[in-house]
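In case it helps, the numbering used here puts the sequence shown at residues 80 to 180.
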Amino acid sequence: PKKGAYVPPITEADIEAVMQARGLVEEWCSRRAASLGEMLAAELDRLIAEQVDLLQDPVAFIECDREFHRTIVRAAGNPVLADFYESLRDRQLRMGVHVMT
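The structure is reproduced here in structure tokens:
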């Protein structure tokens, strides 16, 4: 008998669906969060500067990029979308690992 978990293959359609959903969430959250003005802008500027410093460390750069996008999504104030967004980012990460292996 077969043992272990079955992991279905990742298709181009799966990747496209995740990227579309992520784009929709990020667009809506960006519009919502824009009203926060200077407070949010200062934090995003800090994260961008940190990313520049991390260009030679891909793992740290990706984590900082994730924090940048997470900050925008959380600032929008919708915890359901924030949780959904985290699940999309986790799926995207798994897809990236799959592509590289």
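The C-beta atom is built at its ideal place from N, Cα and C for all residues, glycine as well.
Computed from a predicted model, the values in this text were never measured in an experiment.
- Where does P158 sit, in a helix, a strand or coil, going by DSSP? helix
- Message: Can you tell me whether L115 is helix, strand or coil according to DSSP?
- Response: helix
- Message: Measuring only the C-alpha atoms, how far is A113 from L119?
- Response: 8 Å
- What residues in its chain sit with their C-beta under 6 Å from that of V97, if we drop five residues either side in the sequence? Correct list, in chain order: L167, R170, Q171.
- Message: At the level of alpha carbons, what is the spacing between I141 and K82?
- Response: 34 Å
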